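K.L.:
Protein chains in written order, with the working numbering: chain G, 1 to 159; chain E, 1001 to 1159. We treat Cβ as the ideally placed atom computed from N, Cα and C, and that holds for glycine. Because the structure is a prediction, the values reported are computed rather than measured. Below is the structure I would like to discuss, written out as structure tokens.
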DNA sequence: CATTTAGGTTGCGAATCACAACTTAGTCGA
DNA sequence: TCGACTAAGTTGTGATTCGCAACCTAAATG
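Shown next as structure tokens:
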């Protein structure tokens, strides 16, 4: 991933999904709220007391997450005071990013052995570390990566 | 991951690597600076002009990333004005999280087809989507996950 | 020796955060 | 049916942080 010609580097940096992801999830608390949602918390008061976040900030973040369609806001029919915030498919798509971050924090953070551990519910064995994998499943590191212009690939294939 | 008994839920939320990861990477620009580092940018001015970030903010972030030992700050011997910021192993460990975020942004963001594409340099084929995998390699989704208390597992195994 | 470059620092107004108090609508128990 | 309580916010206020521009210092360059 160090082998960039100049025009490619420009593209790689500007036409990248990262800024877009950060626009939705880059603010303080957003990831903590997402984690709470993954852990099954659905209500404002639940999240507020669990996270210890200020109420106005929580209201603002929930609003933004709903706007980004990461959460879905639905008033409860049985108790009309309550509101349910539920993960959308888009929100569920953030699972790998969240777990990768969490695992990094556990690996390189305080060195806590992390208990309870995240497991496959089928066999209750711990999940693998989240990694980048090649097309054929080989795990890849930074130096195995490269930016490839797909239009060039098509041109090459045509030769 | 919704099947938490109350004490387990407490643990899962408080004894979690996520807050620790966010302490290091949760501020605005941190991930963009990390991406720049992965793309081979090493110098202050390079990053500043590439990212369009304010100089004081960049200085502050680089300082924090060095403090967190995600980047390493080394004065260049050949030109003693220059300073090199290099990824540490700890910093490289953030690759999966960054790629996962980037892929999410590409998938759910503007819908841009993302060109150039991140590829395995060995065969120049696009990498897989970053996912959570079980111990045996099966890809897992949110509902396949569960928190397991390892001390309980040991107790169970002893039976 | 004057100019340019690299990597910052400083000052200041604008935006965001955090804490507490208040509000509004709906529920519950007597 | 009425007072107490709960859920989900909103408002006000001070403390932080952000972003921009200008400035600074040491080193290289011509």
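1) Going along chain G in order, which residues have a C-beta closer than 8 Å to the C-beta of residue 1072/E?
2) Would you call the CB atoms of residue 17/G and residue 1102/E closer than 7 Å?
3) Starting from the beta carbon of residue 1135/E, find every residue of chain G whose beta carbon is closer than 9 Å, and list them in chain order.
4) Would you call residue 1075/E buried or exposed, if buried means 16 or more other Cβ atoms sit within 10 Å of its Cβ?
5) Measuring CB to CB, does residue 1149/E end up less than 7 Å from residue 116/G?
6) If you run the structure through DSSP and keep just helix, strand and coil, what is residue 1066/E?
7) Restricting to Cα atoms, I'd like to know which of 1124/E, 1088/E, 1039/E is closest to residue 152/G.
8) For the beta strand (DSSP E) that residue 1090/E lies in, which residues bound it at each end?
9) Consider the Cβ of residue 1115/E: report whether some Cβ of chain G lies at a distance smaller than 7 Å.
10) Here's the rule I'm using: 16 or more other beta-carbon atoms within 10 Å means buried, otherwise exposed. How should residue 1036/E be labelled?
11) Just checking: is the beta-carbon of residue 1063/E within a distance shorter than 7 Å of some beta-carbon in chain G?
12) So is residue 1143/E buried or exposed if we call it buried at 16+ other beta carbons inside 10 Å?
13) Is it the case that the Cβ atoms of residue 94/G and residue 85/G are separated by a distance below 7 Å?
14) Output yes if chain G places a C-beta closer than 7 Å to the C-beta of residue 1017/E; else output no.
15) Classify residue 96/G as helix, strand or coil using the three-state DSSP reduction.
P.N.:
A quick look at the data gives this:
1) In the second chain, the residue the question calls residue 1072/E occupies position 72. At a C-beta separation below 8 Å, residue 1072/E has no neighbours in chain G, since its nearest C-beta there lies roughly 14 Å away.
2) Indexing the first chain from 1 puts residue 17/G at position 17. Indexing the second chain from 1 puts residue 1102/E at position 102. The Cβ atoms of residue 17/G and residue 1102/E sit closer than 7 Å to each other.
3) As a working note, residue 1135/E is residue 135 in the second chain. Those within 9 Å of residue 1135/E in chain G are 119, 120, 123, 125, 126, 127, 128.
4) The residue labelled residue 1075/E in the question sits at position 75 within the second chain. It is exposed - the Cβ of residue 1075/E has fewer than 16 other Cβ atoms within 10 Å.
5) In the second chain, the residue the question calls residue 1149/E occupies position 149. In the first chain, the residue the question calls residue 116/G occupies position 116. The beta carbons of residue 1149/E and residue 116/G sit closer together than 7 Å.
6) Within the second chain, numbered from 1, the residue matching residue 1066/E stands at position 66. Under the three-state reduction of DSSP, residue 1066/E is assigned to helix.
7) Position 152 of the first chain, counted from the start, is the residue given in the question as residue 152/G. Nearest neighbour of residue 152/G by Cα position, chosen from 1124/E, 1088/E, 1039/E, turns out to be 1124/E.
8) Numbered from 1 along the second chain, position 90 holds the residue referred to as residue 1090/E. Looking at the DSSP string, residue 1090/E is not in any beta strand (DSSP E); the run it does join, the alpha helix (DSSP H), is 1089-1092.
9) As a working note, residue 1115/E is residue 115 in the second chain. For residue 1115/E, at least one C-beta of chain G is nearer than 7 Å to its own C-beta.
10) In the second chain, residue 1036/E corresponds to position 36, counting from 1. With a threshold of 16 other beta carbon atoms within 10 Å, residue 1036/E meets it and is buried.
11) Numbered from its first residue, the second chain carries residue 1063/E at position 63. No, its Cβ sits nowhere closer than 7 Å to a Cβ of chain G.
12) Your numbering for residue 1143/E matches position 143 in the second chain. Taking all protein chains shown into account, residue 1143/E has fewer than 16 neighbouring C-beta atoms within 10 Å of its C-beta and is therefore exposed.
13) Here residue 94/G refers to the residue found at position 94 when the first chain is read from its first residue. Here residue 85/G refers to the residue found at position 85 when the first chain is read from its first residue. No, the Cβ-Cβ distance between residue 94/G and residue 85/G is not below 7 Å.
14) Start at 1 with the first residue of the second chain, and residue 1017/E comes out as number 17. Closer than 7 Å to some Cβ of chain G, the Cβ of residue 1017/E qualifies, so yes.
15) Indexing the first chain from 1 puts residue 96/G at position 96. It is helical.
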